[in-house]
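Residue numbers (our numbering): 20 to 413. For glycine and all other residues, C-beta sits at the position ideal for the given N, C-alpha and C. Source: prediction; values computed, not measured.
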Ligand SMILES: Cc1ncc(COP(=O)(O)O)c(C=O)c1O
């Protein structure tokens, strides 16, 4: 065949992180079948959906099975009942006023983070390093020039725009962050909003972990004055209500976002209407239930379970004097490796000596070298056992 391919795919860095983790764990287990390995590398939730969500979805299934209540294609931007529930959620939780038309229901924050690139031209892109890989790879696939912003131990993995050359960028921010668990406070996030307003940049704010915020750090970028004129927000029910296998998220594109006289909201509406046929009714009914009072209460209990795990780990690291970020307003704990080992050396040390699996930080970018990600998504019993083992090793 002689059709042309998208050569930008050649520019992607081969992502062998999770396959390499899997390979090394498998090899170790085969050699040591009697050893119990504890997995603290899990980036997926492990607790089931809450009962209100299950009930709502069961009710929706029954509706779909009756002629009088059957529904075909859902609206591309989401059913009004869910868009309204999302607007109410922002008002109640973040004191943020949104219009229903600002809300686009989707099948995942990952898809939206990747697809949003399509409505922009060839702008310079700013992405923190280390980073959730989707921002980087979707821009590389589109042939964009990416500039990395250093997130390091020195800035507690919360880079600021200070010193960045003024230009009109697309800026990706994620807070609470994956992989570092670091969370911007109002001042830190305001610095980015001010920079964007001053330079004519646009922020894409990924708030997938907003429900883990414990203090008064912003859960939505729209808590910062001026953000509606310079930011898109992408959020998900994956980590708050356990929807990783159900799939429901949303993008907020305020109608104040006008570039070259064109509304970003309208561009995204057109993109979605052209390429997306909506999220299933059954899923949206579950999502609505998750965002109502009882759903939020039940999600809070699940998050509290993960946070109890996180606290076991952070208490140990504090006791041992190990530098870490995250673990308080986040399910991720980002720790310095022992004795300045590389991330992979520390991975092998943990696996071989105490049979604990985490994720090497270097897999998330060059500034992740020398760091290691643990997660709180395991069981309480396993985390407790892991802490005992780590106590001996660190
Ligand atoms: C920062 C961040 N954004 C987005 C996602 C993906 O969310 P979804 O399951 O809604 O696609 C994840 C999942 O791990 C994530 O860590």
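* **Residue from 255, 183, 24 whose Cα sits closest to the Cα of residue 195** => 255
* Decide yes or no for the touch test of the stretch 103-120 against the stretch 236-247: beta carbon pairs closer than 8 Å, at least 3 of them. => yes
* State whether the stretch 170-179 contacts the stretch 124-143, with contact taken as three or more CB pairs (one from each stretch) at a distance under 8 Å. => no
* For ligand 1, which residues have a Cβ under 5 Å from at least one heavy atom, in chain order? -> 127, 128, 129, 151, 193, 197, 225, 227, 255, 257, 268
* **Where residue 71 sits in the DSSP three-state scheme** => helix
* Asked: Can you find at least 3 beta carbon pairs, one from the stretch 286-297 and one from the stretch 143-156, that sit closer than 8 Å?
  -> no
* Are residue 349 and residue 219 closer than 9 Å when you measure CB to CB? -> no
* **C-alpha gap between residue 309 and residue 315, whole angstroms** => 6 Å
* To do: Give the straight-line distance between the Cα atoms of residue 384 and residue 248, rounded to the nearest whole angstrom.
  => 30 Å
* Asked: Taking C-beta to C-beta, are residue 317 and residue 71 nearer than 9 Å?
  -> yes
* Asked: Measuring CA to CA, which of 140, 156, 258 is closest to residue 62?
  -> 258
* Asked: Is residue 198 buried or exposed, if buried means 16 or more other CB atoms sit within 10 Å of its CB?
  -> buried
* **Classification of residue 5 by the beta-carbon crowding that lies within 10 angstroms, buried from 16 upward** => Nothing can be reported for residue 5: it is not among the residues displayed for the chain, which extend from 20 to 413.
* To do: Given a cut-off of 9 Å, decide if residue 398 and residue 65 are closer than it, judged by their beta-carbon atoms.
  => yes
* Between the stretch 26-36 and the stretch 154-164, are three or more C-beta pairs nearer than 8 Å? -> yes
* To do: Would you mind reading off the limits of the alpha helix (DSSP H) that contains residue 366?
  => 362-368
* **Residues bridged to residue 252 (per DSSP)** => 224, 271
* To do: Along the alpha helix (DSSP H) that carries residue 92, what are the first and last residues, could you check?
  => Residue 92 -> no alpha helix (DSSP H), and no H or E assigned at all.
* **Exposure of residue 337, with buried meaning 16 or more beta-carbon neighbours within 10 Å** => exposed
* **Under 9 Å between C-beta atoms of residue 327 and residue 298** => no
* **Cβ shell of residue 268 (< 6 Å), same chain only, five flanking positions each side left out** => 125, 127, 128, 255
* Taking C-alpha atoms, which residue in 412, 364, 262 lies nearest to residue 40? -> 364
* To do: Check whether the Cβ atoms of residue 98 and residue 292 sit closer than 9 Å, and answer yes or no.
  => no
* Which residue or residues does DSSP assign as beta-bridge partners of residue 390? -> 355
* Asked: Once you ignore the five residues that flank residue 379 on each side, which residues in its own chain have a CB closer than 6 Å to its CB?
  -> 362, 363, 366
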